[in-house]
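Numbering (the working numbering), first residue to last: 349 to 838.
Built from N, CA and C at the ideal position, the CB exists for glycine as well.
Predicted, not measured: the structure shown is a model, and the values here were computed from it.
Structure first, then comments.
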Ligand code: BG6
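Now the structure itself:
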């Protein structure tokens, strides 16, 4: 049975407290955990932003935000009454020294609670905020600092941010978020791999032909056009979410669930990734941008600004596919095909392991399909293993591939907490296992920077794909060249 264990009293200070992430994810997540009575009476949530809002207006605003982002009727009067007592807002311009004095007075009430500083702002402010928090004497041994992704936009900027934050906070107090690590099925990957002896002997070049990781979204970029133009899908999705999935899939068994044991193994994978150089980039990557099309039966527009300005400056990719190779004993010659895109046919994240075909068929011309293990991460969570079986009845020996199906929804009949709920609770408990360590982030960027540089040198512009499809032609050609295909049901 799921159990809700209360956490020690805390002050959670959200920089960017009135921003998009706070509205969509953080406030709903905190409300849910409060609903399950995990917070002590004196725990507080403090929003920080440049906006000057009196506390009572802030509380009313939070109520509206919850009404908007939680399912209908979920905001309960009694729970909100309790939640609202924790809330306050402080206005701060991080460049203004007087502002920081006001900030200190607002936070410091003499009590000895855990202090979490959640930086849901532009990454360019991370260093400044860490400094400000340090200057007012809050970077002490009860403090934790959370950095929302992206940590920088390349290796150099990530290092600068890590140096600046690291000058004030020890590494063990820094929690770099990748919300995919908080997803239930991503953690289930560890359970499946290391809680069953069945898979380990098969996990590698001896039995696996190729691995496919897909993170597809049906949503478009929406009103984040300017952000996307500076980021693109490679930085927004691959550098973090997709690479984390790749690491957890490919890593060696860690010694324990201890955070550094897991992160050391992930690091080895990152260090074994073959760099993607200019001479190979056209063969092993595909870059796409969505055009108009139909998604979920509705017509949708091409990628571009939503403010009516002309669309002649749309340069970023909204889709990426990469054939990644890991130079290690286990994975040598096993390609990891990864892809992620917006405005794809449907939302679907999955990891597919295609096993090698049988070495010799005793069934004559009867076609045999290689076994396949599919881990579905979202929207439905489950595991499927396809096996060849004999079709019953007369008429010769006819073979058919059938799946063994495990659906987590059916098995547990549980509403999983959102990834942010879990991650916030892990920060409050002081457990960094589900967060990225400095070297992971920086190594990830080194691999990504090389791809961006190769694209630039090759002048490899995004290829248009139709909204509602599975990406540009190049992504299909990439697998075709290797005599393989993307797993159809993606
Ligand atoms: C975010 C990206 O990190 O992840 C978004 O910035 C993306 O562009 C989102 O839409 C996807 O998250 P999820 O949990 O919906 O798969």
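Ligand 1 and residue i: does any heavy atom of the ligand fall closer than 8 Å to the residue's C-beta?
{"i": "residue 823", "result": "no"}
{"i": "residue 565", "result": "yes"}
{"i": "residue 497", "result": "yes"}
{"i": "residue 591", "result": "no"}
{"i": "residue 572", "result": "yes"}
{"i": "residue 528", "result": "yes"}
{"i": "residue 794", "result": "no"}
{"i": "residue 698", "result": "no"}
{"i": "residue 535", "result": "no"}
{"i": "residue 584", "result": "yes"}
{"i": "residue 753", "result": "no"}
{"i": "residue 370", "result": "no"}
{"i": "residue 767", "result": "yes"}
{"i": "residue 732", "result": "no"}
{"i": "residue 588", "result": "yes"}
{"i": "residue 637", "result": "no"}
{"i": "residue 726", "result": "yes"}
{"i": "residue 738", "result": "no"}
{"i": "residue 531", "result": "yes"}
{"i": "residue 671", "result": "no"}
{"i": "residue 690", "result": "yes"}
Around the Cβ of residue i, are there at least 16 other Cβ atoms within 10 angstroms (buried) or fewer (exposed)?
{"i": "residue 436", "result": "buried"}
{"i": "residue 589", "result": "buried"}
{"i": "residue 710", "result": "exposed"}
{"i": "residue 558", "result": "buried"}
{"i": "residue 629", "result": "buried"}
{"i": "residue 318", "result": "What is shown of the chain runs 349 to 838, which leaves residue 318 out entirely."}
{"i": "residue 791", "result": "buried"}
{"i": "residue 496", "result": "buried"}
{"i": "residue 677", "result": "exposed"}
{"i": "residue 688", "result": "buried"}
{"i": "residue 707", "result": "exposed"}
{"i": "residue 421", "result": "exposed"}
{"i": "residue 469", "result": "buried"}
{"i": "residue 404", "result": "exposed"}
{"i": "residue 510", "result": "buried"}
{"i": "residue 520", "result": "exposed"}
{"i": "residue 838", "result": "Bear in mind that a pLDDT of 47 at residue 838, under 50, signals an unreliable position, so the number given afterwards is only what the model happens to contain. Buried, since its Cβ has 16 or more Cβ neighbours within 10 Å."}
{"i": "residue 614", "result": "buried"}
{"i": "residue 809", "result": "exposed"}
{"i": "residue 542", "result": "exposed"}
{"i": "residue 605", "result": "exposed"}
{"i": "residue 775", "result": "buried"}
{"i": "residue 745", "result": "exposed"}
{"i": "residue 637", "result": "buried"}
{"i": "residue 625", "result": "exposed"}
{"i": "residue 695", "result": "exposed"}
{"i": "residue 353", "result": "exposed"}
{"i": "residue 526", "result": "buried"}
Between which two residues does the alpha helix (DSSP H) harbouring residue i extend?
{"i": "residue 796", "result": "786-806"}
{"i": "residue 776", "result": "767-777"}
{"i": "residue 482", "result": "474-483"}
{"i": "residue 696", "result": "Unbroken run through residue 696 is the beta strand (DSSP E), 696-703; no alpha helix (DSSP H)."}
{"i": "residue 441", "result": "Premise fails: residue 441 is in no alpha helix (DSSP H) and is neither H nor E."}
{"i": "residue 503", "result": "503-514"}
{"i": "residue 619", "result": "607-620"}
Just to confirm the assignment, what range does the beta strand (DSSP E) spanning residue i have?
{"i": "residue 671", "result": "667-672"}
{"i": "residue 533", "result": "Residue 533 -> not in any beta strand (DSSP E); alpha helix (DSSP H) instead, spanning 532-542."}
{"i": "residue 418", "result": "Run containing residue 418: none; DSSP gives neither H nor E here."}
{"i": "residue 751", "result": "747-755"}
{"i": "residue 647", "result": "646-648"}
{"i": "residue 812", "result": "811-815"}
Do residue i and ligand 3 come close, with the Cβ less than 8 Å from some heavy atom?
{"i": "residue 455", "result": "No copy of ligand 3 occurs in the structure displayed; its ligands are ligand 1 alone."}
Decide if the region 651-664 is in contact with the region 679-686; the criterion is three or more beta carbon pairs, one per stretch, under 8 Å apart. no
Check whether the region 498-513 and the region 445-456 are in contact - that is, three or more C-beta pairs closer than 8 Å. no
Taking contact to mean 3 or more Cβ pairs, one atom from each stretch, closer than 8 Å, check whether the region 612-623 and the region 714-721 are in contact. no
Does the region 580-588 come into contact with the region 796-809, if we say contact requires no fewer than three beta-carbon pairs (one atom in each stretch) closer than 8 Å? yes
If contact is defined by three or more beta carbon pairs under 8 Å, each pair taking one atom from either stretch, is the region 813-824 in contact with the region 637-653? yes
Validate contact between the region 449-464 and the region 754-771 using beta carbons, cut 8 Å, 3 pairs: no
Inter-stretch contact (C-beta, 8 Å, three-pair minimum) for the region 514-523 and the region 474-488: yes
With a threshold of 8 Å, are at least 3 pairs of Cβ atoms found where one atom belongs to the region 373-382 and the other to the region 404-419? yes
When the Cβ atoms of the region 644-653 are set against those of the region 827-837, are three or more pairs found closer than 8 Å? no
Pairs of beta-carbons, one from the region 751-764 and one from the region 562-581, closer than 8 Å: are there three or more? no
Would you be able to state if there are at least three C-beta pairs under 8 Å between the region 551-567 and the region 754-761? no
Taking 8 Å as the threshold, find out whether the region 724-741 comes into contact with the region 530-537 through three or more Cβ pairs. yes
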